[in-house]
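For what it's worth, this note's numbering labels the leading residue of the sequence shown as -5, then goes sequentially.
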Amino acid sequence: MNSLITNGFTIYYQEIVKVCEGKINTIGVEALARFDNVDTPSVIKKLEESYDIIDFGKTVITTVFADYHRLIAQYGNDLIISINVSPIQLDHEFGAFCKEVSEKYRVNLGNIEFEITESVIIETQEVIENIWTLSKLGVRISIDDFGTGFSSMKYIAELPVDTLKIDGHFIMNLKKTKYLQIIECIANLSNQLNLRVVAEHVEHMWQVETLQELGIHEYQGYLYSKPSSNLILIS
Ligand code: G
Ligand code: MN
-5 MNSLITNGFT IYYQEIVKVC EGKINTIGVE ALARFDNVDT PSVIKKLEES
45 YDIIDFGKTV ITTVFADYHR LIAQYGNDLI ISINVSPIQL DHEFGAFCKE
95 VSEKYRVNLG NIEFEITESV IIETQEVIEN IWTLSKLGVR ISIDDFGTGF
145 SSMKYIAELP VDTLKIDGHF IMNLKKTKYL QIIECIANLS NQLNLRVVAE
195 HVEHMWQVET LQELGIHEYQ GYLYSKPSSN LILIS
């Protein structure tokens, strides 16, 4: 097995906050795997190409589930713990694996949200069925990097989606009229379909002010929290 799967990486957590009437509450954390001394996205890409991502993903899930009670103790019972999963991991055994590990570590799957990036095509019937299986286990499903991928409206229509994470590219370009208008549409869409919506890569207060006006209250980004490997340091 690729040695990166068993060592050489650390799980960082980045907080996701909700800001309402000036009050900031941490409502979630995203688990982010970081490899020592190497560029993480390129390693993930290689693991996907070799299908080693299946085993690596299991190691990540096991590590995060082992942290579960520490996270809940720090942030409370309603915390949403997001884990990135590649569609390649979503084979027919994945649901059973999650259930087994959740039982081992006494994890309430209602606290877990799997982030599936729409930059990877998830067209196959098997993947769609397996996402439904996860949802039926109580896991939340989120579409990561929303707005930059393929047929996002079809995913929303056919998959049990709970959350949209608006790609940082949109948040960065919020001053441009078209981006602003598109985010307004995403806010309306989320409202209409009763979806949670999170703005990624929030770095500036002016972005928060605009997002608040659009009715988007949940943020992830350096303005509020940097990914940290030391849970105790997260305030
Ligand atoms: O695709 P996904 O959203 O899961 O990627 C998360 C990545 O984005 C992490 O590597 C994280 O470090 C990075 N990130 C998190 N917050 C910010 C931010 O405010 N600005 C930028 N540029 N990157 C961020
Ligand atoms: Mn993500």
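Ideal Cβ placement from N, Cα and C applies to all residues, glycine included.
Quick one: measure Cβ to Cβ for tyrosine 6 and serine 184, integer angstroms, because I've assumed they're closer than 8 Å.
Wrong, their Cβ atoms sit about 27 Å apart, outside the cutoff.
Does at least one heavy atom of the ligand G sit under 7 Å from the Cβ of leucine 26?
The answer is yes for leucine 26.
Taking the C-alpha atoms as reference points, what is the distance between leucine 153 and tyrosine 99?
Looking at the two C-alpha atoms, the distance is approximately 28 Å.
Let me check one thing: in DSSP terms, what residues is arginine 134 bridge-paired to?
Paired residues: Glu107.
Just reading off the beta strand (DSSP E) that asparagine 102 is part of, what are its end residues?
Unbroken run through asparagine 102: none, as it is neither H nor E.
Using only the alpha-carbon positions, how far apart do glycine 162 and glutamine 175 sit?
Cα to Cα, glycine 162 sits roughly 15 Å from glutamine 175.
Any idea if lysine 159 is buried or exposed, counting beta-carbon neighbours within 10 angstroms, 16 or more meaning buried?
By the 10 Å Cβ count, lysine 159 comes out buried.
If valine 196 and glycine 215 are in contact, beta carbons under 8 Å, what's the gap, nearest whole angstrom?
At roughly 3 Å, the Cβ-Cβ gap stays under 8 Å, so valine 196 and glycine 215 are in contact.
CB-CB under 6 Å to threonine 111, same chain, minus the five flanking residues each way: which ones, in chain order?
Once the five neighbours on either side are set aside, the close Cβ partners of threonine 111 are Asp138 and Asp139.
Report the rounded CA-to-CA distance for phenylalanine 144 versus serine 136, giving the unit in angstroms.
Rounded to whole angstroms, phenylalanine 144 to serine 136 spans 15 Å at the Cα level.
Measuring CB atoms only, is the region 36 to 48 touching the region 63 to 71, in the sense that at least three cross pairs come out at less than 8 Å?
Touching, no, given that fewer than three Cβ pairs across the two stretches are closer than 8 Å.
Only counting the same chain, and skipping five residues up and downstream in sequence, which positions put a Cβ closer than 8 Å to that of isoleucine 141?
Just to set this straight, residue 141 is glycine in the shown sequence, not isoleucine. Result list for glycine 141: Ile160, Asp161, His163, Phe164, Ile176 and Ile180, in chain order.
Take cysteine 14 as the anchor and find which of Leu217, Leu205 and Pro221 has the nearest alpha-carbon.
Per the Cα distances, Leu205.
In angstroms, rounded to a whole number, what distance separates the CA positions of lysine 220 and isoleucine 150?
Going from the Cα of lysine 220 to the Cα of isoleucine 150 covers about 29 Å.
Give a yes or no on whether the C-beta atoms belonging to isoleucine 77 and valine 95 are separated by under 8 Å.
Their beta carbons are not under 8 Å apart, which means isoleucine 77 does not touch valine 95 by this criterion.
So, alanine 27 versus phenylalanine 3, is the Cβ gap smaller than 8 Å?
Result yes, Cβ atoms of alanine 27 and phenylalanine 3 sit closer than 8 Å.
Taking Cβ to Cβ, would you say isoleucine 106 is nearer than 8 Å to valine 23?
No, the Cβ-Cβ distance between isoleucine 106 and valine 23 is not below 8 Å.
Nearest CA to the CA of isoleucine 29: which residue from Lys12, Phe50 and Val11?
Just to set this straight, residue 29 is phenylalanine in the shown sequence, not isoleucine. Considering only alpha carbons, the answer is Phe50.
If I follow the unbroken beta strand (DSSP E) through leucine 189, where does it start and stop?
Unbroken run through leucine 189: none, as it is neither H nor E.
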